[in-house]
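K.L.:
Below: one structure in structure tokens.
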Amino acid sequence: MCRSIKTLRPPALPEEATEEEIRAAALQYVRKVSGFRAPAAHNREVFEQAVETIAGATAQLLGGLEIRGAAARR
2 MCRSIKTLRP PALPEEATEE EIRAAALQYV RKVSGFRAPA AHNREVFEQA VETIAGATAQ
62 LLGGLEIRGA AARR
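Numbering-wise (our numbering), the sequence shown opens with residue 2 and increments by one.
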């Protein structure tokens with residue numbers, strides 16, 4: 002996968018991932034899958050929609066994960 006996408010859950014991150022971190026990971030994913038660093042004007046809308054969709058799915062995933070021992074570390 003893309004090496005610049007970092008793990009966004011504890012213990013890799015000491016606190017919850019920010020919206021900016023989640024969006025950055027989503028953007029890296031869409032760039033990797035599409036093969037475009039920046040989309041052409043005619044692809045911009047679908048590119049941005051994909052970033053938003055993936056960011057939302059990522060936030061939902063991170064919000065639903067149960068990390069063993071997380072409560073004990075707090």
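Cβ atoms here follow ideal geometry from the backbone N, Cα and C, with glycine treated the same way.
Hey, Arg-10 and Val-52 are a contact pair by Cβ (cut 8 angstroms); roughly how many whole angstroms apart?
P.N.:
Stepping through the sequence shown from its first residue, residue 10 is reached at position 9. Stepping through the sequence shown from its first residue, residue 52 is reached at position 51. That belief does not hold up - the Cβ atoms of Arg-10 and Val-52 are roughly 20 angstroms apart, past 8 angstroms.
K.L.:
For Phe-48, which option in Tyr-30, Ala-58, Ile-68 and Glu-67 has the closest C-alpha, if you only look at C-alpha atoms?
P.N.:
As a first step, residue 48 is located in the sequence shown; it is residue number 47 there, counting from the start. The residue with the shortest Cα to Cα distance from Phe-48 is Tyr-30.
K.L.:
Which of the three DSSP states is assigned to Arg-74 in this structure?
P.N.:
Stepping through the sequence shown from its first residue, residue 74 is reached at position 73. At Arg-74 the pLDDT is 47, less than 50, meaning the model places this residue with poor confidence and gives no usable figure here.
K.L.:
Under a Cβ-count criterion, where at least 16 other Cβ atoms within 10 Å of its own Cβ denotes burial, should Leu-28 be classed as buried or exposed?
P.N.:
Walking along the sequence shown from the start, residue 28 turns up at place 27. Buried, since its Cβ has 16 or more Cβ neighbours within 10 Å.
K.L.:
Return helix, strand or coil for Gly-36, following the three-state DSSP convention.
P.N.:
Reading the sequence shown from its first residue, position 35 is the one you call residue 36. Here Gly-36 sits in coil by DSSP.
K.L.:
Compute the Euclidean distance between the alpha carbons of Arg-74 and Glu-16, then round it to the nearest angstrom.
P.N.:
Numbered from 1 along the sequence shown, position 73 holds the residue referred to as residue 74. Numbered from 1 along the sequence shown, position 15 holds the residue referred to as residue 16. Any reading at Arg-74 needs caution, since the residue's pLDDT is 47, under 50, leaving its predicted position unreliable; the model's value is listed next. Taking the straight line joining both Cα atoms gives about 11 angstroms.
K.L.:
Would you give the residue range spanned by the alpha helix (DSSP H) that Thr-59 belongs to?
P.N.:
As a working note, residue 59 is residue 58 in the sequence shown. That run of the alpha helix (DSSP H) goes 45-65.
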